[in-house]
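Residues 0 to 405 (numbering that gives the first Met the number 0) are what the sequence shown spells out, left to right.
Shown next, in structure tokens, is the structure this report addresses.
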Amino acid sequence: MDVSSRGRLLHKLADLMERDRALLATMETIDTGKPFLHSFFIDLDGSIKTLRYYAGWADKIHGKTMPVGKCLCAWNFPLLMFMWKVAPALCCGNTVVIKPAEQTPLTALHLGSLIKEAGFPPGVVNIVPGFGPTAGAAIASHMGIDKVAFTGSTKVGQLIKEAAAKSNLKRVTLELGGKNPCIVFADSDLQLAVEETQKGAFFNQGQCCTAASRVFVEEQIYEEFVRRSVESAKSIVIGDPLDPRTSHGPQIDQKQFDKILELIDSGKKEGAKLECGGVAMDDTGLYIQPTVFSHVKDHMRIAKEEIFGPVQCIFRFKSQQEAIERANSTEYGLASAVFTRNLDRALSVSATLETGTVWVNCYNALHAQAPFGGYKMSGNGRELGEYALAEYSEVKAVTIKLTETL
Numbered sequence: 000m001d002v003s004s005r006g007r008l009l010h011k012l013a014d015l016m017e018r019d020r021a022l023l024a025t026m027e028t029i030d031t032g033k034p035f036l037h038s039f040f041i042d043l044d045g046s047i048k049t050l051r052y053y054a055g056w057a058d059k060i061h062g063k064t065m066p067v068g069k070c071l072c073a074w075n076f077p078l079l080m081f082m083w084k085v086a087p088a089l090c091c092g093n094t095v096v097i098k099p100a101e102q103t104p105l106t107a108l109h110l111g112s113l114i115k116e117a118g119f120p121p122g123v124v125n126i127v128p129g130f131g132p133t134a135g136a137a138i139a140s141h142m143g144i145d146k147v148a149f150t151g152s153t154k155v156g157q158l159i160k161e162a163a164a165k166s167n168l169k170r171v172t173l174e175l176g177g178k179n180p181c182i183v184f185a186d187s188d189l190q191l192a193v194e195e196t197q198k199g200a201f202f203n204q205g206q207c208c209t210a211a212s213r214v215f216v217e218e219q220i221y222e223e224f225v226r227r228s229v230e231s232a233k234s235i236v237i238g239d240p241l242d243p244r245t246s247h248g249p250q251i252d253q254k255q256f257d258k259i260l261e262l263i264d265s266g267k268k269e270g271a272k273l274e275c276g277g278v279a280m281d282d283t284g285l286y287i288q289p290t291v292f293s294h295v296k297d298h299m300r301i302a303k304e305e306i307f308g309p310v311q312c313i314f315r316f317k318s319q320q321e322a323i324e325r326a327n328s329t330e331y332g333l334a335s336a337v338f339t340r341n342l343d344r345a346l347s348v349s350a351t352l353e354t355g356t357v358w359v360n361c362y363n364a365l366h367a368q369a370p371f372g373g374y375k376m377s378g379n380g381r382e383l384g385e386y387a388l389a390e391y392s393e394v395k396a397v398t399i400k401l402t403e404t405l
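What follows is the structure, given as structure tokens:
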């Protein structure tokens, strides 16, 4: 297939997703529990824009493609993660095998029908539902797979990398866990910082690898920041995710629900101050109230472990250097944020934070054009932007000696 045809097919798939937008958003909400309006305006919008972005790249790249790539998608953003991986792979001319998360397969299966309707040749996109220890492990170790892209936990990412190494040394892109710090300086726009860090902590019920679970606040504004954060958390509307008034739905499953409550309990036992939330809603499903802890210490479990739930931990700091050192004192390095009105400070602090993404005076500002990925135990490689194209292509050097007869 010529490169311009690839771009046309990607645009056609985006058109079909626009047509089925309400259906796909409903499926995503039923599968994940996230509010319908989040699915419709955030997940679908990001997925469609990613497709169109890489459709534009299709006739502007050259190189050797990798014949078969395998994509393992996470359950928290099943549709968006599908597109983050499939769009650049198809743009580069690869065939792909997709294994959706076993908890959330619906949108991937519907996308399979849209891919066929768009006119992609048979066998270019293959969707294989199944469980991680069986279907996922089999594909990760398959000798016919040349590349694996995975979004999920650090523990599973390590297993995938091991399987890749023991099989055919297939290339691996991993987008894994995070324990993401925000640093709020006294000169920041306080209300903006409260709103952005709250969205970072509680968006998608806190089930985000980029969740703003550690917020370091300069001591001069600490008490006021905590007060406003508690007020904001209490105003969040919890309910049926299909109700357009809802902004906070249930957790994904019982296992995750129990893990979050256990970590909240550990925070209380270790001496953090529970400002609000911290409990499940009785008899209404797997709902956990948005939870704010203050006076959190760095040694506590809630300060070190990825919670993957609606829990915000607020720390106090005295100096810029202290804040940077504590922000970096984690095995993860996915995302971070800086809140300040001082541009010089924003740039200097951003340069020292050990994360793949730094947001200044905002949070979760993700765009198809900007690379995304982590340092340290948060993974390797990059998704999105021009950088993702290198993950799905190989470089080859061809040297020709010219003679008089050639």
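Don't be surprised by glycine CBs; every beta carbon is placed ideally from N, CA and C.
Just so you know, these numbers come straight off a predicted model, no measurement behind them.
Segments assigned beta strand (DSSP E), at least 3 residues, entirely inside the region 241-323
272-275, 290-293 and 310-316
Among all the DSSP beta bridges, which residues are the ones paired with P180?
R213
Could you work out which residue in P289, L9, E274 and N379 is closest to M280 when comparing CA atoms only?
P289
Considering just the uninterrupted stretch of the beta strand (DSSP E) at A409, what are its terminal residues?
Residue coverage of the chain in this structure runs from 0 to 405, which leaves residue 409 outside it and unanswerable.
Spatial neighbours of L108 within its chain, please: C-beta separation below 8 Å, excluding the five flanking residues on both sides.
P99, I126 and P128
Could you check whether G68 and D1 sit closer than 8 Å to each other, using their CB atoms as the reference points?
no
Let me know if L333 comes out buried or exposed under the rule of 16 or more other beta-carbons within 10 Å of its beta-carbon.
buried
Go to T172, then tell me how far its beta strand (DSSP E) extends in each direction, as first and last residue.
R170 to E174
Spatial distance of P180 from T150 (CA atoms):
20 Å
Helix or strand or just coil, what does DSSP make of T329?
coil
Return the CA-CA distance between Q311 and K267, expressed in angstroms with no decimal places.
13 Å
DSSP three-state label for T56, please.
It is Trp, not Thr, that sits at residue 56 in the sequence shown. Correct three-state label for W56: helix.
Reference F292, options G284, L273 and R300, closest by Cα
L273
Going by C-alpha to C-alpha distance, which of H61, D30 and D44 sits closest to E393?
H61
Am I right that G199 and N363 are in contact with their C-beta atoms under 8 Å? What's the rounded C-beta distance?
6 Å
Please give me, in chain order, every unbroken run of the alpha helix (DSSP H) with length at least 4 that falls completely inside the region 81-149.
105-117 and 136-139
Would you call V397 buried or exposed, if buried means 16 or more other Cβ atoms sit within 10 Å of its Cβ?
exposed
When the Cα of K165 is compared with those of G177, D188, S140 and Q157, which residue comes out closest?
S140
What is the rounded straight-line gap between the Cα of A57 and the Cα of G372?
22 Å
Which first and last residues belong to the alpha helix (DSSP H) in which V193 is found?
L189 to F201
Quick one: measure Cβ to Cβ for T209 and G238, integer angstroms, because I've assumed they're closer than 8 Å.
Not a contact, Cβ separation roughly 24 Å.
In the structure shown, what three-state DSSP assignment does L22 receive?
helix
Would you call the region 4-12 and the region 114-126 in contact, with 3 or more CB pairs under 8 Å?
yes
In terms of residue numbering, what span does the alpha helix (DSSP H) encompassing T356 cover?
T356 -> not in any alpha helix (DSSP H); beta strand (DSSP E) instead, spanning T356 to V359.
Limits of the unbroken alpha helix (DSSP H) element including S228:
Y221 to K233
Helix, strand or coil at Y386 [DSSP, three-state]
helix
Taking DSSP's pairing of strands, which residues face C208 in a bridge?
DSSP output for C208 lists no bridge partner at all.
I believe S423 touches I306 by the beta-carbon criterion, under 8 Å. Please report the beta-carbon distance rounded to the nearest angstrom.
Any answer about residue 423 is impossible in this case: the structure gives the chain only from 0 up to 405.
Give the DSSP bridge partners of N379, in chain order.
L173
Given a threshold of 16 other Cβ atoms within 10 Å of its Cβ, counted over all protein chains shown, does F130 qualify as buried or as exposed?
exposed
Per DSSP, what are the beta-bridge partners of I237 in this structure?
H247
For the alpha helix (DSSP H) containing L365, list its first residue and its last residue.
No alpha helix (DSSP H) holds L365; DSSP gives it neither H nor E.
Taking the straight line between their C-alpha atoms, what separation do you get for P121 and Y391?
20 Å
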